[in-house]
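Taking the UniProt record's numbering, the leading residue of the sequence shown gets 1, the next gets one more, and so forth.
Since the structure comes first, as structure tokens, the remarks are kept for the end.
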Amino acid sequence: MTFLSKSKRLSFGSTLIISAVIYFTLNLVQAWRSQIIDDEAYYFMWSQNPAWGYFDHPPMIAWWDTLGFSLFQNTVGLRLFTIFFSALGYFILGHFLVKNKKELILYNLLFFSMVLFQVFGFIATPDAPLLFFSILYLIFLYHFIQKQSYLNTFSLGLGMALVMYSKYHGALLITFSLLPLIPVFYKNAKAYLAILIALVFYSPHLIWQFQHDFISFNYHIIRRNVHSGFDFKNPTNYLLSVIYISSPFLFFYLIKAFYKFPKDLFKKSLWFIFWLSIVFFLFTSFKRYIQAQWSLITVIPLFILGFDYLKNKKNFFKPLKILSLITIGLIFLARIYFMIPNPPFKIKYHGWKEFMLETKRKTNGNAVFDRYQLTSLYSFYNYPERAYNIATEENRTSQFQLWNDIEEINGEPYTYFSSQLNATDSLALNSRKKEYYKYKKGTSFFNTASFWFQIEKAQISKSKLKLIGQIWNKGDSPITLAPENYTLHLILNQEKFSREIQQKIEIPFRKVNLASKHFSDFELEVPVNIQDLTENPIGYLSLAGQNLPGTIRSNYITFVVDEND
């Protein structure tokens, strides 16, 4: 792979800059006219609480959102740094790859035909910083391969850290890119120095993970794989997604670059990233569904090596030009469709703003949702007023549970919104599909998030269930657990973290007063018929405030069955 001296690049550099400015402007208009999606709203909530880490992902997207939203409190502000860095990434990659104006034409045709590149040109999710910093890291890697100077060593280490601050998938990109370099650099001290530099830069996030019991890794590695099981559609859908999220009409031209194993070290790294990421996700797809955007680390080397291959294939240029223009035209039409406020066929970009403004009009007191996505969307579209979230038995834990800020509204009036609610009043969300969210109002919110039951022993006999442990108040204020305000249930299911409830047993309890950060011992006995229980039951305690659904408030417990009782 040959790259140009600085002097030769300047002849077409102005054209590249103009293209980058046009790309920035296009995405700016797109950001202004397109409603945000639920994930963007969730990361917006992170940006209101800057930290070194969060429940789901590393913090880079939250930092970008914080900076942008501090300038403009709207969709443009939220997406501003995503737009800026996507244009900068376009320019940096073009400056790295292109050596003349003819190649710039090919570069533009290919770049603007890459579906994921266009999506994350304005959508503010962790994939946007992953795209930019992956490009930066690969360029740093190229320069390190050429010359192991201290500057290139430092840049490579910094690039690794920035990729990892963007999204955990970056670990695959880094690992796969370094594998073919091991035989060459395993004795090179500067290669190890680069890794050490990366760890130093990344240490604040690792410390955050340690302080939070490595909660993100636990979620991604264990909790997200609870419902694992083979489904033939998953590997099929994954392989098809690699084609349509890259460039469906150009994919079979681009992949020709990967038919032969390259001799060049940098090309080897790209080759390894492409094929090993496909193998990794294909293998994973036999256990679970693979989201399309996870293939971003596959698309980046596909583009770089594909461009390098096609720039020398003059006979391909005419069909490539036609197919690229068709793809760019379709993407442009899709962009326009996203911006239409009320189109006949709605997608996930439509309907949220109107729904959340209507929700605000129906709210008395504090708005409370069972889904973290809706909590976030309400908070964005009604900024600076915010909503609160409770993680019910049917919904997963999120960053809101780490904050535990719902204790702020304890005792205050509230309106609770849920699609699972048994109530008469409802609102219609007219988005991809029409959904009805019911709501009911309460005069006094009873917080469950501050309570935690740490169960040390759980035993089932033929006639009773016995639970022994401590009940904690993890909040910052004194709190009372009283039967007239709360209900306590034992939830039984067949595997940890499953939201499929097998059985629900109400447990009577006595009133308990708890000071902040204090606990009280408890012992609960509940009559139960062992024949009614599932085999090898696993469960947890669920606590519900008055007239609200239950939330998971204990560790998971495996029962010891005493059949001699």
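Every residue gets a Cβ at the ideal spot worked out from N, C-alpha and C, and that includes glycine.
These figures come from a predicted structure and were not determined experimentally.
About 6 Å separates the CB atoms of Gln148 and Asn188; that is less than 8 Å, so the two are in contact. Between Val115 and Ser34 the beta-carbon gap is near 16 Å, outside 8 Å, which marks them as no contact. Three or more beta-carbon pairs separated by less than 8 Å link the stretch 125-135 to the stretch 74-94, which places the two stretches in contact.
It is roughly 28 Å from the alpha-carbon of Ile468 to the alpha-carbon of Asn410. Taking C-beta atoms under 8 Å as the contact rule, Phe133 and Val163 qualify, at a distance of about 5 Å. Each of Phe217, Pro59, Ile37 was checked against the Cα of Trp46, and the nearest Cα belongs to Pro59.
A check of alpha carbon separations from Lys440 across Tyr192, Phe266, Gln546, His169 identifies Gln546 as the nearest. Here Lys362 has Thr415, Leu427, Tyr439 as same chain residues with Cβ atoms under 7 Å from its own Cβ, once five neighbours each way along the sequence are excluded.
The way I'd put it, the stretch 175-185 doesn't touch the stretch 305-314; fewer than three beta-carbon pairs between them come closer than 8 Å. No residue range can be given for Pro343, since it is assigned to no alpha helix (DSSP H) and is classified by DSSP as neither H nor E.
Within the same chain, and ignoring the five residues on either side of Leu78 in sequence, the residues whose Cβ sits closer than 7 Å to its Cβ are Ile36, Glu40, Phe44, Asp65, Gly68, Phe69, Ala124. In its chain, beyond the 5 residues on either side, Ile290 have a beta carbon closer than 8 Å to the beta carbon of Thr284. Listed in chain order, the beta strand (DSSP E) elements of length 3 or more contained wholly in the stretch 466-513 are 479-481, 486-493, 503-507.
Residue state for Phe369 is assigned as strand, using DSSP reduced to three classes. Residue Ile557 holds the alpha-carbon nearest to the alpha-carbon of Asn493 among Pro344, Ile557, Lys466. Per DSSP, Pro262 lies in no alpha helix (DSSP H) segment and is marked neither H nor E. With 16 or more other Cβ atoms inside 10 Å of its own Cβ, Thr75 counts as buried.
The three-state reading of DSSP puts Phe201 in helix, counting H, G and I together. When the five nearest sequence neighbours on each side are left out, the beta carbons in the same chain lying within less than 7 Å of the beta carbon of Leu377 are those of Asp38, Ala41, Trp352, Met356, in order along the chain. In the same chain as Leu71, and ignoring 5 residues on each side of it, the C-beta atoms closer than 6 Å to its own belong to Gly77, in chain order. Between the C-alpha atoms of Glu103 and Ile195 there is a straight-line separation of about 34 Å. Boundaries of the beta strand (DSSP E) harbouring Ala544: 538-545, taken from the DSSP string.
A contact between stretches requires three or more CB pairs, one per stretch, nearer than 8 Å, and the stretch 263-281 fails this requirement with the stretch 318-333. The beta carbon of Ala51 sits closer than 8 Å to those of Pro59, Ala62, Trp208, all from its chain and outside the five residues before and after it, given in chain order. Look at Leu548 here: in three-state DSSP terms it is coil, with no helix or strand label.
Around the beta carbon of Ser216, 16 or more other beta carbons sit within 10 angstroms, so the residue counts as buried.
With fewer than 16 other beta carbons inside 10 angstroms of its own, Pro483 counts as exposed. In this structure, Ala292 lies away from Ile340, with their beta-carbon atoms at least 8 Å apart.
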